[in-house]
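Here the structure comes first, spelled out in structure tokens, and everything after it is commentary.
Numbering (the working numbering), first residue to last: 476 to 727.
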């Protein structure tokens, strides 16, 4: 009987030891789950504390970007909507493209590329190198631009002709300062030396080439205190030349 009693005690002790061990394991697992949950929650609620702003921005500045995204909540890294950030920066007038991405654990990277303006358009707009008109503060321009005037929707036509005709004029050391395209698509150019070229509607390249051939001779024929005002190239042969006093201020 004594031996049996000893066996029962050993069994009870083993049972309760197992129960205690099991309870400790469960408590440990619960605590570990709670701890991990707290850590994850803390990380998920961590704010964005660093804004890395870079790119090709000769016209847009950092403050412009900060102002554009000022109303976006940066208090939770995971909940910051990068698409919204991108959309709001794209509303800035000088911005051409934007990319935004998150960098763990607390950084937002913003890369901005500005428009590349090639000309002023109808006085109030600019044209980029793709021939698209946009409106922005021209006070931020770092160098003067040629001026284009033409009907709405003719931006690409104006830009293509500017590039082609300007490339020809460069052989004489000249450049287009102003390009005017009428509603009937008649072309008029003002060169950087103030001379106005009337090209008409057709054969623009041929007429520019004719101008380049005769321009040196025309300048040699000018009288003292005279300068060329305009050259009309809208003739099958020859040109018409207008003169003005040399004291007159040259056209811009």
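Glycine included, C-beta positions come from ideal geometry on N, C-alpha and C. Just so it is clear, the structure is predicted and the values come from calculations on it, not from any experiment.
Give me the Cβ distance between residue i and residue j, rounded to the nearest whole Å; I'm assuming they're in contact under 8 Å.
i           : j           : result
residue 586 : residue 530 : 5 Å
residue 671 : residue 689 : The pair is not a contact, with the Cβ atoms about 15 Å apart (cut-off 8 Å).
residue 664 : residue 674 : 7 Å
residue 606 : residue 630 : 5 Å
On the DSSP letters alone, give me the boundaries of the beta strand (DSSP E) that residue i sits inside.
i           : result
residue 578 : 570-578
residue 738 : Since the first residue shown for the chain is 476 and the last is 727, residue 738 is missing from the structure and cannot be characterised.
residue 597 : Element bounds for residue 597: n/a, residue is neither H nor E.
residue 637 : Not the beta strand (DSSP E): residue 637 falls in the alpha helix (DSSP H), residues 630-644.
residue 623 : 622-624
residue 582 : 582-589
residue 671 : 671-675
residue 705 : 701-707
Does the Cβ-Cβ distance between residue i and residue j come in under 8 Å?
i           : j           : result
residue 633 : residue 623 : yes
residue 646 : residue 687 : yes
residue 583 : residue 526 : yes
residue 679 : residue 644 : no
residue 581 : residue 552 : yes
residue 656 : residue 682 : no
Give the range of the alpha helix (DSSP H) segment to which residue i is assigned.
i           : result
residue 691 : 679-696
residue 558 : 557-565
residue 539 : 537-543
Which same chain residues, not among the five before or five after residue i, have their C-beta less than 8 Å away from its C-beta?
i           : result
residue 724 : Its pLDDT being 49, under 50, residue 724 is placed unreliably by the model, and nothing is read from it.
residue 697 : 703 and 718
residue 590 : 534, 569, 570, 571, 601, 603, 609 and 611
residue 477 : Unreliable placement is indicated for residue 477, whose pLDDT of 49 sits below 50; the coordinate value is still reported in the next sentence. Taken in chain order, the list of residues that qualify is empty.
residue 555 : 523, 547, 548, 549, 577 and 583
residue 775 : The structure shown does not extend to residue 775, since the chain is modelled only from 476 through 727, so no value can be given for it.
Spatial neighbours of residue i within its chain, please: C-beta separation below 7 Å, excluding the five flanking residues on both sides.
i           : result
residue 544 : 560, 563 and 564
residue 660 : 676
residue 588 : 530, 531, 571 and 572
Taking residue i as the reference, which of the options has the closest Cα?
i           : options               : result
residue 618 : 660, 594 and 643      : 594
residue 700 : 709, 721 and 684      : 721
residue 653 : 539, 668, 621 and 625 : 621
residue 677 : 662, 685, 668 and 706 : 662
residue 613 : 658, 596, 691 and 695 : 596
residue 574 : 528, 536, 541 and 504 : 528
residue 579 : 521, 541, 504 and 592 : 521
residue 710 : 685, 650 and 542      : 685
Within its chain, find whatever has a CB closer than 6 Å to the CB of residue i; leave out the 5 residues flanking it on each side and keep chain order.
i           : result
residue 626 : 658
residue 705 : 671 and 717
Compare the C-beta of residue i with all C-beta atoms of chain B and state if any pair is closer than 8 Å.
i           : result
residue 567 : No chain B is present in this structure, which holds just one protein chain.
With a threshold of 7 Å, establish whether the CB of residue i neighbours any heavy atom of the ligand ZN.
i           : result
residue 573 : For the ligand ZN, the structure offers nothing, since it holds no ligand at all.
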